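Worksheet: the structure to be examined is printed underneath.
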Amino acid sequence: MHELAITQDGTFLRLAGDQARSVKDGSYAWVGEMRLWDNEALIGWYTASDGAVRSKGSLYFALHPHGQAMAGSWVGLSYAGLVIRGWGAITRERAETEELIDMLCASDGNLKSWPTKS
Numbered sequence: 000m001h002e003l004a005i006t007q008d009g010t011f012l013r014l015a016g017d018q019a020r021s022v023k024d025g026s027y028a029w030v031g032e033m034r035l036w037d038n039e040a041l042i043g044w045y046t047a048s049d050g051a052v053r054s055k056g057s058l059y060f061a062l063h064p065h066g067q068a069m070a071g072s073w074v075g076l077s078y079a080g081l082v083i084r085g086w087g088a089i090t091r092e093r094a095e096t097e098e099l100i101d102m103l104c105a106s107d108g109n110l111k112s113w114p115t116k117s
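Numbering (numbering that gives the first Met the number 0), first residue to last: 0 to 117.
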């Protein structure tokens, strides 16, 4: 998991993600931007902060109706391949992020509802 800083200017979000693991394991710090569409979808891009790293790609996230979470997917270029993809979730709490990632993995990304708090 990456620690993530987000700043918002209207419908635009700027992202700054920390390196999650060692560079040897394929992790890197990254930056990106997303735009909010119709208060329900965020679409954008990401790229490695280090110019020597080729990783870059696109982002799509659905926004929780109350703005509590985002869940979606990334796809792009990486040291691991020309086209790779994965699931992503952005929340304020690690446990909520892990739950959303588990739901995305179990449904192959076909998330039909948001988790409810017990």
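From the three backbone atoms N, C-alpha and C, an ideal C-beta is built for every residue, glycine too. It should be emphasised that the depicted structure is a prediction, and the values quoted were computed from it without experimental measurement.
Cβ-Cβ distance between residue i and residue j below 8 angstroms
i	j	result
residue 57	residue 29	no
residue 3	residue 14	yes
residue 108	residue 72	yes
residue 6	residue 34	no
Rounded C-alpha distance that separates residue i from residue j
i	j	result
residue 116	residue 51	42 angstroms
residue 70	residue 99	7 angstroms
residue 74	residue 102	18 angstroms
residue 67	residue 90	7 angstroms
residue 79	residue 96	24 angstroms
residue 8	residue 32	11 angstroms
residue 42	residue 93	23 angstroms
residue 27	residue 88	18 angstroms
residue 63	residue 46	25 angstroms
residue 113	residue 84	22 angstroms
residue 111	residue 53	34 angstroms
residue 36	residue 65	15 angstroms
Nearest neighbour of residue i, chosen from the options [CA to CA]
i	options	result
residue 193	105, 38, 8 and 93	Summary: the structure shown does not reach residue 193, with the chain confined to residues 0 through 117, and so no result is reported for it.
residue 76	90, 44, 91 and 32	44
residue 81	64, 97, 55 and 31	55
residue 60	31, 83 and 39	39
First and last residue of the uninterrupted alpha helix (DSSP H) at residue i
i	result
residue 110	Taken as a continuous stretch (DSSP letters only), residue 110 belongs to no alpha helix (DSSP H), as it is neither H nor E.
Segment limits, beta strand (DSSP E) that includes residue i
i	result
residue 124	The first residue shown for the chain is 0 and the last is 117, placing residue 124 beyond what the model contains.
residue 49	It is not in any beta strand (DSSP E) - residue 49 carries neither H nor E in the DSSP assignment.
residue 55	55-62
residue 34	29-36
residue 8	3-8
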